[in-house]
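Enquirer: Residue numbers (our numbering): 294 to 385.
Below: one structure in structure tokens.
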Amino acid sequence: MNEAQTKHDLIEPALRKAGWDIVEGSRLRLEFPITKGRLIGQNRRATTLFADYVLEYKNRRIGIVEAKKRDEYYTQGLGQAKDYAERKKASR
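Spelled out as structure tokens, the structure:
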């Protein structure tokens, strides 16, 4: 099962079952931009980073979920999610 299938079949249903985008004040943001990409000169930027899911409650970002394909170990995206969370925290 690839990453897109994992998101569709497993992650999104679990997040919705937990109340995301259903409970008042909660939002589930998909493919949320984390950075615009650093400036590399001549009015160009490096690649933008996107989190698979950002969890918001009452307009506050409180969590990041990074999806990986089902066959990868469940902690595979942990470092990436932590990096994204730190970047969002620093950009406030």
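Where is the CB? At the ideal position from N, CA and C, for every residue including glycine.
1. In terms of residues, what are the limits of the alpha helix (DSSP H) holding E296?
2. When the distance is taken between beta carbons, is A339 closer than 8 Å to R331?
3. For my contact list, I357 and Y377 are in at a C-beta cut-off of 8 Å; report their separation, rounded to the angstrom.
4. Where does A344 sit, in a helix, a strand or coil, going by DSSP?
5. Please report the residue range of the beta strand (DSSP E) in which E324 lies.
Expert: On the basis of the data shown:
1. 296–299
2. yes
3. 5 Å
4. strand
5. 319–328
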